[in-house]
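A.B. asks:
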Amino acid sequence: MSDSYFRTDDLTVGYGKKALIRGIRIEVRRGEILTLIGPNGAGKSTILRSVSRQLALLGGTVFLEGRDMASYSGNELARRLALLFTDRARPELVTCFEAAAAGRYPYTGRLGILGKEDREKVRSAMELMQIWDLRDRSFSAVSDGQRQRVLLAGALCQEPELIVLDEPTSFLDVRHKLEFLGLLRNMTRERRIAVILSLHELDLAQKISDRVVCVKGDRIMDQGSPEEIFQEEKIRVLYDLPEGSFIPAGGGVELPAVRGESRVFVIGGGGSALPVYRRLQREGIPFATGVLNENDTDAAAARALANELFLRPAFEPVRAEDTADACGALLRCERVICTLRSFGPQNEGNRELIRAAEEAGLEIER
Amino acid sequence: MADGSGYKRCGAVFAFLLAALLLLLLVNIASGSVSIAPGEIFRILFRREGDPTNCNIVWQIRFPRALAAVLLGGGLSVSGFALQTFFHNPIAGPFVLGISSGAKLAVALVMILLLNQGRPVSSFEMVLAAFGGAMLSMCFVLAVSVRTDRMSVLIVAGVMIGYICSAVTDFVVTFADDSNIVNLHGWSLGSFSGMTWENVSSMSLIILPAFLLVFFLSKPIGAYLLGENYARSLGVNVRLLQTALVLLSSVLSAAVTAFAGPVSFVGIAVPHLTRNLLRTSRPVLVIPASFLGGSVFCLLCDLIARTVFAPTELSISSVTAIFGAPVVIWMMLRKKREG
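Keeping their order, the protein sequence lines are chains Z and E.
Just so it is clear: in the first sequence, position 52 is 51 by numbering that gives the first Met the number 0, and no numbers are missing.
Just so it is clear: in the second sequence, position 252 is 251 by numbering that gives the first Met the number 0, and no numbers are missing.
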């Protein structure tokens with residue numbers, strides 16, 4: 000693709016002389032976010048450090064604007080590429096303004112004194128990150144969430160065309176994660192910046208990324224749009240998860256199902272049974288559930304958590320024989336939990352299951 | 000420092016340091032076994048007229064000595080600043096890391112060797128020897144620093160190097176000729192006494208350019224303070240900067256040691272106090288303020304060393320230690336509390 004801002008060609012990265020990952024081909028356009036995901040120690044940081052010239056390449060080429068990155072001078076590169084890594088020092092007696100203003104480095108003169116225009120740019124970056132109020136606070140004393148935003152403002156001050164971030168959300172709580180990534184997303188669009196980052200949070204990666212690259216140990220396992228990558232099987236293989244535990248819909252993961260003889264039968268649907276599934280899993284009780292359609296909200300979690308699952312394809316009516324199968328399983332359980340408040344033509348079968356349980360004298364919890 | 004208040008503060012600090020410097024220069028020249036009135040000092044300094052004895056005292060003894068304190072104090076303080084930057088730690092300094100003692104040992108050896116051959120040692124040779132010794136200690140400290148991330152280990156290693164070098168210095172001084180010992184003994188404890196104009200001009204030829212070089216590194220130093228990798232990403236040649244910091248701090252502390260012997264704690268205490276006075280870490284301000292602060296500190300300490308138990312003169316290191324060491328203890332306690 001000719002319009003990509005950043006592109007690598009058959010890159011080999013690693014520490015020292017030891018090659019860790021070979022054949023890396025990734026690219027990103029301006030205004031796009033490329034996310035690296037993969038297990039710990041898979042080499043996400045190594046790739047990020049290599050493509051930002053912090054680590055020597057062991058093979059291949061990195062292109063920036065179609066030009067070999069190695070041919071850029073330090074200053075030329077700093078005007079195009081900003082880094083946000085987690086290993087930043089926290090010196091005393093440095094204000095947040097000064098920490099952000101460090102990003103003006105490639106533009107200031109011999110002694111690094113900020114001009115009026117520089118100050119304006121720092122101010123606008125800090126305002127965009129909503130931290131202008133913190134300008135006189137000590138950089139070492141602000142919270143982790145605020146610090147990350149100061150660093151991002153600093154990166155913006157560099158007026159880069161590409162920003163590389165290594166797990167920028169690792170130390171943030173959920174609110175600050177959302178805020179940070181939201182700001183990053185807006186900034187990327189508004190200022191037409193290309194972004195490469197690594198993330199641990201699959202749910203967030205799924206929502207923020209334009210392209211996703213799966214890094215697994217010694218290779219790039221896969222790459223593509225979030226829709227292509229966030230599929231049960233791909234994520235399961237990438238992270239060596241047990242079957243069914245990744246839920247593509249929300250990008251979340253469930254703990255593995257409790258196996259054994261099913262002791263409880265759960266009648267649910269439409270998301271109502273989800274808390275019950277999780278409670279039974281926590282309590283270590285194997286359970287059966289059904290009959291659910293594949294597109295039911297409960298079905299995704301049930302796949303991960305249920306010992307036995309009675310499933311129908313999406314939009315298919317539940318047939319009598321499906322109900323009969325489920326009924327067989329229900330009668331082997333000690334207890335039935337029903338999370339439904341009402342029944343209609345779509346889940347007539349479930350009403351029959353309740354009736355069968357009542358007839359058999361099973362304990363029914365509603 | 001997004002607003003004006005920080006600038007006002009820094010302006011006030013510089014004005015204060017300059018005023019203190021001039022005042023202490025005057026007091027240092029005025030006081031001693033013969034007191035000279037300020038009015039007479041001005042006449043002697045600017046119009047070169049007055050009592051010939053006093054004229055001699057001012058021009059040949061006190062003025063060069065005071066200027067030496069200004070230059071050496073400033074140089075030492077900037078040397079400490081460079082080391083603290085390099086090691087990312089405020090407790091690094093030429094004295095605690097054993098660099099001053101390495102320089103001292105080398106100078107003592109060269110002096111004894113050359114004096115035994117009946118040859119006087121020039122300022123230049125002294126500085127060269129001191130620089131060699133400083134670099135040797137520095138190499139040792141660097142070798143330790145790549146093996147440990149713990150600053151305490153590095154400091155202990157530095158203090159031990161200091162002890163070894165001092166012990167060897169004492170050893171060679173013991174075997175030196177009687178006539179040499181008197182000179183060497185006073186020098187090896189640290190003293191600004193006996194400074195000549197030749198000394199002052201040679202030390203200014205070394206210290207002032209080195210100081211200016213450090214000052215012109217303000218910008219990369221500022222980025223380096225925020226982390227090595229970050230500085231590299233801003234286009235700083237980190238390897239070059241580190242080499243420059245090591246060489247310049249060694250040159251500065253070598254120059255000081257060659258002329259005045261080892262002077263303790265100035266390198267740690269002064270940059271720290273200066274930073275806190277300025278309430279900023281911006282090198283473009285901290286470096287010149289540290290130089291001035293070091294000058295003021297050493298002028299004051301030399302005044303105390305000369306006058307408190309007059310006519311007996313204290314070693315300059317004893318006085319700087321009394322004021323400087325508590326600052327270091329305070330810094331370490333504060334650092335611990337912050338985690």
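Ideal placement from N, C-alpha and C gives every residue a C-beta, glycine not left out.
Does any C-beta atom of chain E lie closer than 8 Å to the C-beta of Z/L127?
C.D. replies: Your numbering for residue 127 of chain Z matches position 128 in the first sequence. Cβ-Cβ to chain E under 8 Å: no for Z/L127.
A.B. asks: Per DSSP, which one or two residues make a beta bridge with Z/L311?
C.D. replies: Translated into the one-based positions of the first sequence, residue 311 of chain Z becomes position 312. Leu is not the amino acid found at residue 311 of chain Z; the sequence shown has Arg there. Z/R311 pairs with Z/N292.
A.B. asks: Pull up the distance between the alpha-carbon of Z/E75 and that of E/N27, whole angstroms please.
C.D. replies: Here residue 75 of chain Z refers to the residue found at position 76 of the first sequence. Here residue 27 of chain E refers to the residue found at position 28 of the second sequence. Near 52 Å, if we compare the C-alpha coordinates of E/N27 and Z/E75.
A.B. asks: For E/A324, which of helix, strand or coil comes out of DSSP?
C.D. replies: Stepping through the second sequence from its first residue, residue 324 of chain E is reached at position 325. Residue state, collapsed to three classes: helix.
A.B. asks: Taking DSSP as the reference, what is the three-state secondary structure of Z/E253?
C.D. replies: The residue labelled residue 253 of chain Z in the question sits at position 254 within the first sequence. Correct three-state label for Z/E253: coil.
A.B. asks: Report the rounded CA-to-CA distance for Z/A303 versus Z/F245, giving the unit in angstroms.
C.D. replies: To locate residue 303 of chain Z, count along the first sequence from 1; it is residue 304. To locate residue 245 of chain Z, count along the first sequence from 1; it is residue 246. Going from the Cα of Z/A303 to the Cα of Z/F245 covers about 8 Å.
A.B. asks: Using a Cβ cut-off of 9 Å, pull out every chain Z residue sitting near E/F215, in sequence order please.
C.D. replies: Taking the first residue of the second sequence as position 1, residue 215 of chain E is located at position 216. Near E/F215 (Cβ distances below 9 Å), the residues of chain Z are R109 and L110.
A.B. asks: For a contact defined as C-beta to C-beta under 7 Å, what are the partners of Z/F84 on chain E?
C.D. replies: The residue you call residue 84 of chain Z lines up with position 85 of the first sequence. The contacting residues are N228.
A.B. asks: Between Z/G144 and Z/Q53, what straight-line distance do the alpha-carbon atoms span, to the nearest angstrom?
C.D. replies: Translated into the one-based positions of the first sequence, residue 144 of chain Z becomes position 145. Translated into the one-based positions of the first sequence, residue 53 of chain Z becomes position 54. Their Cα atoms are separated by approximately 25 Å.
A.B. asks: So, is the C-beta of Z/Q416 closer than 8 Å to a C-beta in chain E?
C.D. replies: One cannot answer for residue 416 of chain Z here, as it falls past the ends of chain Z, which runs 0 to 365.
A.B. asks: On the premise that Z/E31 lies in contact with Z/D165, defined as a C-beta separation below 8 Å, what is that separation, rounded to the nearest angstrom?
C.D. replies: Stepping through the first sequence from its first residue, residue 165 of chain Z is reached at position 166. Stepping through the first sequence from its first residue, residue 31 of chain Z is reached at position 32. 18 Å between Cβ atoms; not a contact.
A.B. asks: Along chain E, in chain order, which residues have C-beta atoms closer than 9 Å to that of Z/Y104?
C.D. replies: As a first step, residue 104 of chain Z is located in the first sequence; it is residue number 105 there, counting from the start. Ordered by position in chain E, the residues that pass the 9 Å Cβ test against Z/Y104 are K218, P219, G221, A222, A230, L233, G234 and V235.
A.B. asks: How do the region 213–231 of chain E and the region 240–260 of chain E stand: do at least 3 beta-carbon pairs fall below 8 Å, yes or no?
C.D. replies: Touching, per the Cβ criterion.
A.B. asks: Just list the residues that DSSP pairs Z/E158 with in beta bridges.
C.D. replies: One-based indexing of the first sequence puts residue 158 of chain Z at position 159. DSSP, once it has assigned bridges, lists no residue as partnering Z/E158.
A.B. asks: To be precise: take each residue of the region 102–115 of chain E, compare its Cβ to all Cβ atoms of chain Z, and keep it if any distance is under 9 Å. Which residues remain?
C.D. replies: Of all residues in the region 102–115 of chain E, none has a Cβ within less than 9 Å of some Cβ in chain Z.
A.B. asks: Can you find at least 3 beta carbon pairs, one from the region 255–269 of chain E and one from the region 314–326 of chain E, that sit closer than 8 Å?
C.D. replies: They touch, by the three-pair rule.
A.B. asks: For E/R333, which of helix, strand or coil comes out of DSSP?
C.D. replies: Counted from its first residue, the second sequence places residue 333 of chain E at position 334. Reduced to three states, the DSSP call for E/R333 is helix.
A.B. asks: Say whether chain Z places a C-beta atom closer than 8 Å to the C-beta of E/F15.
C.D. replies: Here residue 15 of chain E refers to the residue found at position 16 of the second sequence. No, E/F15 lies away from the interface with chain Z (no Cβ there is under 8 Å from its Cβ).
A.B. asks: Three-state secondary structure (DSSP) at Z/K233?
C.D. replies: As a first step, residue 233 of chain Z must be located in the first sequence, where it is residue number 234. If DSSP states are grouped into helix, strand and coil, Z/K233 belongs with the helices.
A.B. asks: Tell me whether the region 161–175 of chain Z and the region 77–91 of chain Z touch, counting them as touching only if at least three CB pairs, one residue from each stretch, are closer than 8 Å.
C.D. replies: Touching, yes, given that three or more Cβ pairs across the two stretches are closer than 8 Å.
A.B. asks: Z/V9 lies in the beta strand (DSSP E); which residues open and close that run?
C.D. replies: As a working note, residue 9 of chain Z is residue 10 in the first sequence. Before going further, note that residue 9 of chain Z is Asp rather than Val in the sequence given. That run of the beta strand (DSSP E) goes F5 to Y14.
A.B. asks: Residues in its own chain within less than 6 Å of E/W58 by CB, not counting five upstream and five downstream?
C.D. replies: By 1-based counting over the second sequence, the position of residue 58 of chain E is 59. So no residue of the chain qualifies.
A.B. asks: Within the 8 Å Cβ cut-off, does E/R278 reach chain Z?
C.D. replies: Translated into the one-based positions of the second sequence, residue 278 of chain E becomes position 279. Interface residue, yes.
A.B. asks: Nearest-angstrom Cα distance between Z/E242 and E/L96?
C.D. replies: Residue 242 of chain Z sits at position 243 when you count from the first residue of the first sequence. Residue 96 of chain E sits at position 97 when you count from the first residue of the second sequence. Each residue's Cα considered, the two are about 58 Å apart.
A.B. asks: Alpha carbon to alpha carbon, how far is Z/S123 from Z/G251? Give it in angstroms, no decimals.
C.D. replies: Residue 251 of chain Z sits at position 252 when you count from the first residue of the first sequence. Residue 123 of chain Z sits at position 124 when you count from the first residue of the first sequence. Roughly 36 Å between the two C-alpha positions.
A.B. asks: So Z/R87 contacts chain E; which residues on that side make the cut at Cβ distance below 7 Å?
C.D. replies: As a working note, residue 87 of chain Z is residue 88 in the first sequence. Under the 7 Å cutoff, chain E gives L225, G226 and Y229.
A.B. asks: Taking only runs that begin and end inside the region 70–134 of chain E, name each unbroken beta strand (DSSP E) of 3 or more residues, in chain order.
C.D. replies: Counting whole runs of 3 or more residues, the region 70–134 of chain E contains no beta strand (DSSP E) stretch at all.
A.B. asks: Quick check on Z/V93 - is its C-beta less than 8 Å from some C-beta in chain E?
C.D. replies: Start at 1 with the first residue of the first sequence, and residue 93 of chain Z comes out as number 94. Yes, Z/V93 lies at the interface with chain E (some Cβ there is under 8 Å from its Cβ).
A.B. asks: Can you list the residues of chain E that Z/L308 reaches, using a CB-CB cut of under 8 Å?
C.D. replies: The residue given as residue 308 of chain Z occupies position 309 in the first sequence. The contacting residues do not exist; Z/L308 stays about 49 Å from chain E at best.
A.B. asks: Nearest chain Z C-beta to E/V383 closer than 8 Å, yes or no?
C.D. replies: The first residue shown for chain E is 0 and the last is 338, placing residue 383 of chain E beyond what the model contains.
A.B. asks: Beta-carbon of E/R46 versus every beta-carbon of chain Z: anything under 8 Å?
C.D. replies: Indexing the second sequence from 1 puts residue 46 of chain E at position 47. No, its Cβ sits nowhere closer than 8 Å to a Cβ of chain Z.
A.B. asks: Run through DSSP, which three-state label would Z/L150 get?
C.D. replies: Along the first sequence, one-based indexing puts residue 150 of chain Z at 151. In this structure, Z/L150 counts as helix in the three-state DSSP scheme.
A.B. asks: Can you tell me where the beta strand (DSSP E) with Z/C337 in it begins and where it stops?
C.D. replies: For the purposes of this step, residue 337 of chain Z is identified with residue 338 of the first sequence, where counting begins at 1. Segment R334 to C337, the beta strand (DSSP E) holding Z/C337.
A.B. asks: Can you pull the chain Z residues whose beta carbon is under 7 Å from the beta carbon of E/R274, in chain order?
C.D. replies: Translated into positions along the second sequence, residue 274 of chain E becomes position 275. Those within 7 Å of E/R274 in chain Z are L92.
A.B. asks: Is the region 165–172 of chain E close to the region 124–140 of chain E, with three or more CB pairs under 8 Å?
C.D. replies: With the cut-off at 8 Å, the region 165–172 of chain E and the region 124–140 of chain E do not touch.
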